[in-house]
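Heads up, the thing below is written out as structure tokens.
There are 2 protein chains.
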Amino acid sequence: MEDGKLKVRAVDRALDILLCFTRKESLSLTEIAGEVELHKSTVHRLMTTLEEKGFVSRDASTEKYRLGIKIWELSAHLSNTDDPALLLLPSMEKLRDELDETVSLYVLDGRERLRIQAVQSNQAIRRVAPVGARLPLYVGASSKALVAFSSEREQEHILSDPIWPDSVSRTAFRDQLRVIRARGYAMSVEEREQGATSVAAPIFDLKGNLAAALSVSGPLARLPVEKLESYAPLLMERAREMGMMIRG
Amino acid sequence: MEDGKLKVRAVDRALDILLCFTRKESLSLTEIAGEVELHKSTVHRLMTTLEEKGFVSRDASTEKYRLGIKIWELSAHLSNTDDPALLLLPSMEKLRDELDETVSLYVLDGRERLRIQAVQSNQAIRRVAPVGARLPLYVGASSKALVAFSSEREQEHILSDPIWPDSVSRTAFRDQLRVIRARGYAMSVEEREQGATSVAAPIFDLKGNLAAALSVSGPLARLPVEKLESYAPLLMERAREMGMMIRG
DNA sequence: ATTTACGTTTCATCATATGAAACAAAAATA
DNA sequence: TATTTTTGTTTCATATGATGAAACGTAAAT
């Protein structure tokens, strides 16, 4: 939102509209107008354009908009070759089979993290981790792994996010990051969700850049701190192996 | 480009650029400019906007553009029904609105075909196509589309059906199938019902397997052969798009 | 019957997208 | 090495086209 670069406003707005559909899968014109804070007249014009090109379509009965066929088509053409979510899926499944716990893959996206892949534990009580979920960076093992190993600049950017809740002290958070950098992995015990714990390690690509965070998570009853710690070496080794598969 | 609707040019162009990535998964600035026939200056500005929002990203080494993480995210939020009859309904309605003719969706089911979805034309004289109807495979455009693009094994199985009437020569039928495979669509003129004609194209899922057949049908008076032929390119394009929505 | 909400269209105004040109930097050529 | 070509980036004057207020039509809701 905060400008700076050389951009095209109309396009920027249209893309904002598309992104509304990551929160609700079906929206009316006025809902969209409210969401992006634009006059319905403007939104209507933009929607016509998006619809004409097939990026959104209208539900015949409810008249609401939803994502269109062209999004399907584009998603089918995401580079399968070096898309980490697909590339690393087999490795994740292998790790899941070894530990029988839910394994997730996250990337930094702005001031949030995005779960780009997940494989579920087969156990009856398990963490359910939907792919595509967008989560805050101030809680969770994966968050800490991602922030701890990103650049100074990026860390400052993330920590300066006004969204950051007062309950989370930035100084304490920074202290944690130092520990995490030192030992190479992060843990969380009921930080984001009641009864859920998790260990996470960073994945660096071949060029040494932070590419993602890999986490193993489950119910506290099955994954107490000692267990998380015992899984850490294997997790870090797998994360290192996976990094070898990513060009950058 | 030459449509006369109420559209926003800058957005239209940006979307065209995104769609370039359905043809090549990685493109340089000048390649894109050539593809969409715009000055590189304009494309550069649009790319900056798209990149800023995460709809495209640049390969660190080659400097080329590729689809970005936001496309990933949007695709993760696409309606997650895997029932083709529901999934493809909006697309079928759109096609119906474009042509104002009845649009149907068929799948192979043993030695028959099954109409799993249909949307009716709004015209007074129209084909009425009930969902759930089970029909023979030896007549009708959809039948021929389904058989022509199924596997050798399956074709033999279907053609060896004793139900096959003597009036339909299997040799002639095989010849027709060859033509259909070559041009990509099938037609029928009063084959199954008096006064009814139809064009049909196969739908392949993301793995390339035959998933269904899409047909447009109506009264002979309104849909003579020339009209059917003129609808074929649009039909095939829509069928291709729909296939992008089916995992397999 | 009246009000409220929503989608759509129109239109005068000026913000803004545009593309030519110039620029820098890197390949490709000699 | 010098020279040419190619590619990405920035600048800027211009008019084109995006904008949003207002008005309209229609359908729900009261």
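Listed in order, the protein sequences are those of chains A and B.
Numbering-wise (this note's numbering), the first sequence opens with residue 75 and increments by one.
Numbering-wise (this note's numbering), the second sequence opens with residue 75 and increments by one.
For every residue, glycine included, the Cβ atom is placed at its ideal position computed from N, Cα and C.
Bear in mind that the values here come from a model prediction, so they are computed numbers and not experimental data.
Cβ-based burial, residue i [other Cβ within 10 Å; buried from 16]
i, result
"I106 (chain A)", "buried"
"T176 (chain A)", "buried"
"H151 (chain B)", "buried"
"I145 (chain B)", "buried"
"R244 (chain B)", "exposed"
"S178 (chain A)", "buried"
"T271 (chain A)", "buried"
"V242 (chain B)", "exposed"
"V253 (chain B)", "exposed"
"Q191 (chain B)", "buried"
"R119 (chain B)", "buried"
"I251 (chain B)", "At residue 251 (chain B) the sequence reads Leu, which differs from the Ile that was named. Buried, because 16 or more other Cβ atoms sit within 10 Å of the Cβ of L251 (chain B)."
"I28 (chain B)", "Not covered by the structure: residue 28 (chain B). The range shown for chain B is 75 to 322."
"S304 (chain B)", "exposed"
"A215 (chain A)", "buried"
"G67 (chain A)", "Outside the shown range of chain A (75 to 322) lies residue 67 (chain A), about which nothing can therefore be said."
"I277 (chain A)", "buried"
"T345 (chain B)", "Any answer about residue 345 (chain B) is impossible in this case: the structure gives chain B only from 75 up to 322."
"E186 (chain A)", "buried"
"R312 (chain A)", "buried"
Per-residue DSSP class, three states only, for residue i
i, result
"G317 (chain A)", "helix"
"L103 (chain B)", "helix"
"M243 (chain B)", "Per the sequence shown, residue 243 (chain B) should be read as Ser rather than Met. Here S243 (chain B) sits in coil by DSSP."
"L302 (chain A)", "helix"
"T326 (chain A)", "A question about residue 326 (chain A) goes unanswered here, because the residues of chain A that appear run from 75 up to 322."
"A287 (chain A)", "strand"
"A192 (chain B)", "strand"
"D235 (chain B)", "coil"
"V253 (chain A)", "helix"
"L15 (chain A)", "Shown here, chain A extends from 75 to 322; a query on residue 15 (chain A) therefore has no answer."
"E267 (chain B)", "coil"
"P293 (chain A)", "strand"
"G78 (chain A)", "Its pLDDT being 48, under 50, G78 (chain A) is placed unreliably by the model, and nothing is read from it."
"V205 (chain A)", "coil"
"E186 (chain A)", "strand"
Residue range of the unbroken beta strand (DSSP E) whose run includes residue i
i, result
"P276 (chain A)", "A270 to F278"
"E137 (chain A)", "Looking at the DSSP string, E137 (chain A) is not in any beta strand (DSSP E), and its letter there is neither H nor E."
"S262 (chain B)", "A260 to V263"
"R208 (chain B)", "R208 to P210"
Chain A contact residues for residue i, given Cβ-Cβ distances below 7 Å
i, result
"F95 (chain B)", "L148 and H151"
"S165 (chain B)", "I143"
"K168 (chain B)", "S131"
"E315 (chain B)", "I143 and E147"
Residue i CB to nearest heavy atom of the ligand MG below 7 Å
i, result
"R189 (chain A)", "With respect to the ligand MG, the structure shown offers nothing to examine, as it has no ligands at all."
Partners in chain B for residue i, counting only beta-carbon separations shorter than 9 Å
i, result
"A286 (chain A)", "Those do not exist, as A286 (chain A) stays about 11 Å from chain B at its closest Cβ, beyond 9 Å."
"V181 (chain A)", "I143"
"R185 (chain A)", "By Cβ distance, chain B contributes nothing, its closest Cβ being about 13 Å from R185 (chain A), past 9 Å."
Per-residue contacts from residue i into chain A (C-beta, under 9 Å)
i, result
"L280 (chain B)", "A150"
Within chain B, the residues that residue i reaches when beta carbons sit closer than 7 Å
i, result
"K81 (chain A)", "T122, T123 and E126"
"G206 (chain A)", "E147, A150 and H151"
"E99 (chain A)", "H151 and S153"
"I190 (chain A)", "W146"
"A222 (chain A)", "Under the 7 Å cutoff, chain B gives no residues; its nearest Cβ is about 21 Å from A222 (chain A)."
Residue range of the alpha helix (DSSP H) that includes residue i
i, result
"V117 (chain A)", "K114 to E126"
"H151 (chain B)", "That residue, H151 (chain B), is in no alpha helix (DSSP H); it is neither H nor E in DSSP."
"L92 (chain B)", "R83 to C94"
"A215 (chain B)", "A215 to A222"
Chain-ordered chain B contacts of residue i [CB-CB under 8 Å]
i, result
"R140 (chain A)", "S153 and P164"
"A246 (chain A)", "Chain B residues near A246 (chain A): none, gap ~30 Å exceeds 8 Å."
Contact list for the region 105–129 of chain B against chain A, Cβ threshold 8 Å: Those would be R119, L120, T122, T123, L124, E126, K127, G128 and F129, in chain order.
Near-chain B residues of the region 83–94 of chain A (beta-carbon distance less than 9 Å), N- to C-terminal order: Against chain B - using a Cβ distance shorter than 9 Å - the residues of the region 83–94 of chain A are R83, A84, V85, D86, R87, A88, L89, D90, L92 and L93.
Residues, ordered as in the chain, of the region 295–310 of chain B that lie near chain A by beta-carbon distance below 8 Å: Listed by position, the residues of the region 295–310 of chain B near chain A (Cβ gap below 8 Å) amount to none.
Contact residues within the region 259–271 of chain A, judged by C-beta distance below 9 Å to chain B: Per Cβ criterion, the list is empty.
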